[in-house]
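Quick notes on the structure that follows.
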Amino acid sequence: MNQIVLTGMVLSAAPIGEYDKRIVILTKERGKISAFAKGARRPNSPLIGAVNPFSFGEFVVYEGRTSYTIQSAHIRNYFAELRADITGAYYGFYFLEFANYYTREQNDEREMLKLLYQTLKALLNPHIPNPLVRVIFELKAVCINGEGPQVFQCVVCGCEAPGYRFSVKKGGLVCDSCAGDVIDDILLDKSTLYSMQYIEGSRIEALYTFTVSEKVLDQLRKIMERYCDVYIDKQFKSLEILETLL
Numbered sequence: 001m002n003q004i005v006l007t008g009m010v011l012s013a014a015p016i017g018e019y020d021k022r023i024v025i026l027t028k029e030r031g032k033i034s035a036f037a038k039g040a041r042r043p044n045s046p047l048i049g050a051v052n053p054f055s056f057g058e059f060v061v062y063e064g065r066t067s068y069t070i071q072s073a074h075i076r077n078y079f080a081e082l083r084a085d086i087t088g089a090y091y092g093f094y095f096l097e098f099a100n101y102y103t104r105e106q107n108d109e110r111e112m113l114k115l116l117y118q119t120l121k122a123l124l125n126p127h128i129p130n131p132l133v134r135v136i137f138e139l140k141a142v143c144i145n146g147e148g149p150q151v152f153q154c155v156v157c158g159c160e161a162p163g164y165r166f167s168v169k170k171g172g173l174v175c176d177s178c179a180g181d182v183i184d185d186i187l188l189d190k191s192t193l194y195s196m197q198y199i200e201g202s203r204i205e206a207l208y209t210f211t212v213s214e215k216v217l218d219q220l221r222k223i224m225e226r227y228c229d230v231y232i233d234k235q236f237k238s239l240e241i242l243e244t245l246l
């Protein structure tokens, strides 16, 4: 078996047998992988804290024919603060589950990994409300996956000054001339449109650097809820729990 070092974040962990764990890691080098952590549930295991969700760092693994086995780990950030706030923790679990759904093995998932890391850091920032962190994450994540809405021009005719109508089913902005058959259009506040354009056009490192009014946040939330309902074919368990808590 080959020994390799992978940088990544633990997305999920499940018990296997009496003492082992099976974990899913989103890595910079191999995309999403599954790995076995033997003995990780023993009280004296050096892996006991390293193979929990949110753990980010370097993982030394043996690569077998069909699976990976973790030998050791050097964790840079456990995001332990999230566990002190149940609501914040479930925002985090939702982001992990979202990333788990979207990512694949052997894909280049560096942007999603970077987004996930910066998003969890933003959850710990008291100056950015968690609902805003959520909509920023959702919009940027679907863009990384190639399913983001068109917010710079009309999706029908391509004109670059389409106004402020947004159609979820059309997948973006629709100008007045093309809006005749649109039945789900939303008249956007200018600041809502500018926020969406900023999120889609900005580097991940610059995403969580602004706040919006309650009116704009409410509109962003409604848009992303509808957008995810239409374009994401999955019910996230962590989101159901989060919405119950809220």
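Start counting the sequence shown at 1; every next residue gets the next number (UniProt numbering). Cβ atoms here follow ideal geometry from the backbone N, Cα and C, with glycine treated the same way.
Reduced DSSP secondary structure (H/G/I, E/B, other) of residue i
{"i": "Val61", "result": "strand"}
{"i": "Thr87", "result": "helix"}
{"i": "Ser72", "result": "strand"}
{"i": "Lys21", "result": "strand"}
{"i": "Gly49", "result": "coil"}
{"i": "Val192", "result": "It is Thr, not Val, that sits at residue 192 in the sequence shown. In the structure shown, Thr192 sits in a helix (DSSP, three-state: H, G or I)."}
{"i": "Gln106", "result": "coil"}
{"i": "Lys170", "result": "coil"}
Span separating the alpha-carbon of residue i from that of residue j
{"i": "Lys38", "j": "Gly57", "result": "18 Å"}
{"i": "Asn130", "j": "Gly49", "result": "26 Å"}
{"i": "Glu18", "j": "Lys222", "result": "45 Å"}
{"i": "Gln3", "j": "Lys169", "result": "47 Å"}
{"i": "Phe137", "j": "Phe95", "result": "8 Å"}
{"i": "Ser12", "j": "Tyr194", "result": "35 Å"}
Neighbour-count burial assignment, residue i, 16 or more Cβ in a 10 Å radius
{"i": "Gln219", "result": "buried"}
{"i": "Cys157", "result": "exposed"}
{"i": "Ile183", "result": "exposed"}
{"i": "Ile86", "result": "exposed"}
Pair within 8 Å by beta-carbon distance, residue i and residue j
{"i": "Ile128", "j": "Thr211", "result": "yes"}
{"i": "Tyr231", "j": "Glu97", "result": "no"}
{"i": "Lys140", "j": "Ile199", "result": "yes"}
{"i": "Thr60", "j": "Val10", "result": "Contrary to the premise, residue 60 reads as Val rather than Thr in this sequence. In this structure, Val10 does not lie closer than 8 Å to Val60 by Cβ."}
{"i": "Gly8", "j": "Leu132", "result": "no"}
{"i": "Leu123", "j": "Gly92", "result": "yes"}
Any non-hydrogen atom of the ligand NAP closer than 7 Å to residue i Cβ
{"i": "Met9", "result": "The ligand NAP is not part of the structure shown, which contains no ligands of any sort."}
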